[in-house]
Structure formats: C-alpha cells, structure tokens
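Peer 1: Dropping the structure in here first, questions after.
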Amino acid sequence: MTALPPGSTIGILGGGQLGRMLAMAAAQLGYRCHIFAPPGDNVACEVAAIATIAEYDDLAALRTFAKACDVVTFEFENVPVAPLQSIMRDVPIHPPIKALEVAQDRVEEKEFVRKLGGQTAVFAVARSEIEVEDAVATVGTPAILKTIRMGYDGKGQLRISAQSELASAWRRTGGQPLIAEAMVHFDAEFSVILVRGADGDIRYWDSPRNAHEDGILATSTLPAGPLIESQQGAARKMAAAVADALEYVGVFTAEFFASGEGPLFNEIAPRVHNSGHWTIEGAETSQFENHIRAICGLPLGSTATIAERVEMQNLIGRDGERWLQLLGDPAANVHLYGKAEARAGRKIGHVTRLYR
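Numbering (UniProt numbering), first residue to last: 1 to 356.
See below:
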C-alpha cells in the first residue's frame, strides 16, 4: 500500500462525533477530510474541509464523493453495504466492506467469531413472531432479545425475565428478526481496541474496564484490574484473528465479558470506539490518529499508555450542562461534540482524567 501524501483527501462516511474526531486527527497530519452523511446534526462537518449531505443510497452523490477522495473510511457500522459496492472501483475503502457485512448482522457476527474459536453466549434466532417463544426456550430465561440488524447503544434490545413477557416482545423490539441470547454471568466488561496496518502489523491499546448504564457506555477506566488483565491476552488473540480474517485495515474493536470461564465475546465494532476515547490524552498515539495512519499507509504510532491511571466519562444528555464546572477542573480534559440538542441518552461529549 503506497502512503498517501499530506494534502490528500480522506472521505468519511458518517457525520457524528467519531467522524469529527477522525477529521481533527487527519488535519493534524496534513490531510483534508470530506464528510458524506444524510441530513441531520452532522457535527463532523464543522471541522472538515468539505461535506456532501445526501442519503447513503444516492448513488450519483456517492460516486461524485468517491471520485473526489483518495481513500474512504467510515465512522458508523450501519452504513448500507450495497451502495458502497458501487464505488469500490473508484476509491480504496478501509476498513473493508466485509467488516461492515459481518458487524451489521448479529448472527453472522457470532458465527464468524465461533468459526475462529471464539466463545459467545448461547443464542437462537427468531425470524418471525411465532419463533420468538422457541428461541427464548432454547436459551432459557432470563434472556435478552436483540434485533439482528441496526442495534447499538442499547437500541433494539429487550430483557426477558419470564415466558409471560414474550407476548409483546416482537412488537416492543420493532417487529424485526431477533436473536435471543442467554444472559451471561460476568464480573466485568472490557474492550480490545487494536489497529492493523495494510501490512498486517497489529498494535493494541490497553484494555479498559467499561461500565454501562441503560445500555450506553458510561465510563472506561485503566488499569482495568487483575481479572481483565489476566484475560486480555486471550481476548487480544481472538480480536486479532477476526481482524486478520477480514484483512482489516484501521482501528478495530471487540467487546468482551470477563467471566470465570475466560473472555466471552460480545460484539465487534469495525471502527474507532467510544471506549477508546481515553487514548487522545492517555496514549502516545490516539485511536483516531492511528486509524488515519493505517488507512493512509503511514507507519503506525505507539499505543503505549502514558499515565498510571486513566478515567474517561461520557457526558450523556444533560451532563453537558456542567461544561463550565468541568472546564474549571484542572484535571479534566473536556471534549464537547457541538451537538445541537442534549437529548436523554445522547452522547454530547466526554471527559478524560489522567493520574500520573
């Protein structure tokens, strides 16, 4: 892969905060960014050189965008795959489209990981309303029902504690095909975030302990503790096997449960990840900069942690109203995403604190 020189244009599919932070990292390395996103509160556009606002299935707009870029990446795993296949000959796309295909289908994702030797929760599929009862009977209760496609940040998920709750489950999850998963007994949640270059070189950031509230990441902290640290090696091996199988280029995330039986795979995210935001201040090279380095064919930067302890806290909904107080805290590294509305459950920023 030939290195793209500074001044080249990076296309980013998606206009959210991840695209915003990617564009900021790219600018620091001398690249221009072109955002392609549907209409909405596209905060990435504010820091990019150019933006195209159009639906992902607008093939004419997508082709014009592709021809204006030297490489294309994405900040959102639910970008439709079919339109991207129409621009594959016009511009390199990193990570590969196959990574999107796997991540967008929870069943394919789990089967892909299992074939590579990974452990997942017991699961069963319900592709119609009448199959929901059988699927839950297979995994037992309590269980969690998830839409097979288009789920993130707790969306499209429903916990089932008893068979009596099944009558409305199909409707409450949107009347879409579902995967039923057995509830997992675990002691902690953590993520493996790696960057893989086109030459197969893989580097890992330290795995943080992740805490969720209402299905949304609340905090990521390092050190993660003895249990997670003891399972980090096995989890890294699993994540690397997936990245290698996909011939992945860029930052890749795999989420795990730390259990008494070892790391249990939860899901992948073929992109930079919320649990890696701490790397902006807490690592020698952030996940955002290393993603840009990887997709542009540059040498990867060191992923070493530079503080004894790191804490990243998401600012969700009205948490952002504390911005002035947070800016008065000399230990707080405050990132506000510029979103127009602070709705409940919406990530509007994050704060990272380093303790040396």
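Just so it is clear, CB atoms sit at the ideal spot from N, CA and C, and this is done for glycine as well.
Going by C-alpha distance, which of Glu75, Pro5, His350, Arg114 is nearest Leu29?
Peer 2: Pro5
Peer 1: Using only alpha-carbon positions, find the residue among Leu62, Gly118, Ala143 that is nearest to Asn266.
Peer 2: Comparing C-alpha distances from Asn266 to each of Leu62, Gly118, Ala143 shows the shortest one belongs to Gly118.
Peer 1: Verify whether the separation of the beta carbon atoms of Leu158 and Leu145 is less than 8 Å.
Peer 2: yes
Peer 1: So, using beta-carbon positions, are Arg353 and Glu308 closer together than 8 Å?
Peer 2: no
Peer 1: Output needed for Ala99: all residues of its chain with C-beta closer than 7 Å, excluding positions within five of it in sequence on either side, in chain order.
Peer 2: Leu246, Tyr248, Pro270
Peer 1: Can you tell me the Cα-Cα spacing of Ala340 and Val113, whole angstroms?
Peer 2: Each residue's alpha carbon lies about 38 Å from the other.
Peer 1: By Cβ distance, which residues of its chain are closer than 6 Å to Thr253, with the 5 residues on each side in sequence left out?
Peer 2: Ser191, Ile193, Ala269, His273
Peer 1: Return helix, strand or coil for Gly161, following the three-state DSSP convention.
Peer 2: Sequence inspection shows Ser at residue 161; the Gly mentioned does not correspond to that position. If DSSP states are grouped into helix, strand and coil, Ser161 belongs with coil.
Peer 1: Taking only three categories from DSSP, how would you classify Lys339?
Peer 2: coil
Peer 1: Do Glu281 and Ser302 have their C-beta atoms within less than 8 Å of each other?
Peer 2: no
Peer 1: Could you pull out every residue in the same chain whose Cβ sits closer than 8 Å to the Cβ of Pro80, ignoring the five residues on either side in sequence?
Peer 2: Tyr56, Asp57
Peer 1: For Ser86, count neighbouring C-beta atoms within 10 Å of its own C-beta (all shown protein chains included) and say buried if the count is 16 or more, exposed if not.
Peer 2: Ser86 should be labelled exposed.
Peer 1: Once the 5 residues before and after Ala342 are set aside, which same chain residues still bring their CB inside 6 Å of it?
Peer 2: Gly317, Arg318, Gly320, Ile348
Peer 1: Residue range of the beta strand (DSSP E) that Gly262 falls in?
Peer 2: Run containing Gly262: 262 to 269, per the beta strand (DSSP E) assignment.
Peer 1: Which residues share a DSSP beta bridge with Gln313?
Peer 2: Thr219, Val351
Peer 1: In three-state terms, what does DSSP make of Ser275?
Peer 2: helix
Peer 1: With DSSP run on the structure shown, which of helix, strand or coil describes Phe288?
Peer 2: helix
Peer 1: Keeping to the same chain, check which residues put their C-beta closer than 8 Å to that of Thr138; ignore five residues upstream and five downstream.
Peer 2: Val122, Ala124, Ala180
Peer 1: Thinking C-beta only, is Arg20 closer than 8 Å to Ala51?
Peer 2: In this structure, Ala51 lies away from Arg20, with their beta-carbon atoms at least 8 Å apart.
Peer 1: I think Gln287 touches Val251, with their Cβ atoms under 8 Å apart; what is that distance to the nearest whole Å?
Peer 2: 5 Å
Peer 1: With a threshold of 8 Å between beta-carbons, can Gly225 be considered close to chain E, or not?
Peer 2: Among the protein chains of the structure shown there is no chain E, as only one such chain exists.
Peer 1: Please go through the segment 15 to 56 and give each complete beta strand (DSSP E) segment of 3 or more residues, from N-terminal end onward.
Peer 2: The DSSP assignment places complete beta strand (DSSP E) segments of no fewer than 3 residues inside the segment 15 to 56 at 32 to 37, 50 to 53, in order along the chain.
Peer 1: At the level of alpha carbons, what is the spacing between Ile12 and His335?
Peer 2: 20 Å
Peer 1: Look at the alpha carbon of Ala182 and the alpha carbon of Arg293, and state the distance between them as a whole number of angstroms.
Peer 2: The straight-line gap from Cα to Cα measures roughly 39 Å.
Peer 1: Between Asn210 and the rest of its own chain, which residues show a CB-CB distance below 7 Å, the 5 nearest in sequence each way excluded?
Peer 2: Glu189, Phe190, Ser191, Leu217, Ser220, Ser275
Peer 1: Is it buried or exposed for residue 357, if we count other Cβ within 10 angstroms and need 16 for buried?
Peer 2: Lying before the first or after the last residue shown, residue 357 is absent from the chain, which here runs from 1 to 356.
Peer 1: What are the partner residues of Thr303, as DSSP defines its beta bridges?
Peer 2: For Thr303, which the question treats as bridged, DSSP gives no partner whatsoever.
Peer 1: Going by C-alpha to C-alpha distance, which of Ala331, Pro226, Ala198, Arg322 sits closest to Met1?
Peer 2: Checking every option, the nearest Cα to that of Met1 belongs to Ala198.
Peer 1: Given a cut-off of 8 Å on the beta-carbon distance, is the pair His185 and Ser259 in contact?
Peer 2: Taking the C-beta atoms as reference points, Ser259 is found nearer than 8 Å to His185.
Peer 1: Could you tell me the distance, in whole angstroms, from the CA atom of Pro142 to the CA atom of Arg172?
Peer 2: 17 Å
Peer 1: Val351 and Gln313: beta carbons closer than 8 Å?
Peer 2: yes
Peer 1: At what residue ranges does the segment 95 to 169 contain a whole run of the beta strand (DSSP E), taking only runs of 3 or more?
Peer 2: 123 to 126, 143 to 147, 157 to 160
Peer 1: Using only CA atoms, which one of Ala27, Trp205, Ile35, Glu133 lies nearest to Thr279?
Peer 2: The option with the nearest alpha carbon to Thr279 is Trp205.
Peer 1: With 16 as the cutoff for other CB atoms within 10 Å, does Ile306 come out buried or exposed?
Peer 2: By the neighbour-count rule (16 or more Cβ atoms within 10 Å), Ile306 is not buried but exposed.
Peer 1: Gln163: beta carbon under 7 Å from a heavy atom of the ligand COA?
Peer 2: Only the bare structure without any ligand can be found here, which leaves the ligand COA out of the picture.
Peer 1: What span of residues does the alpha helix (DSSP H) with Val81 cover, start to end?
Peer 2: 81 to 85
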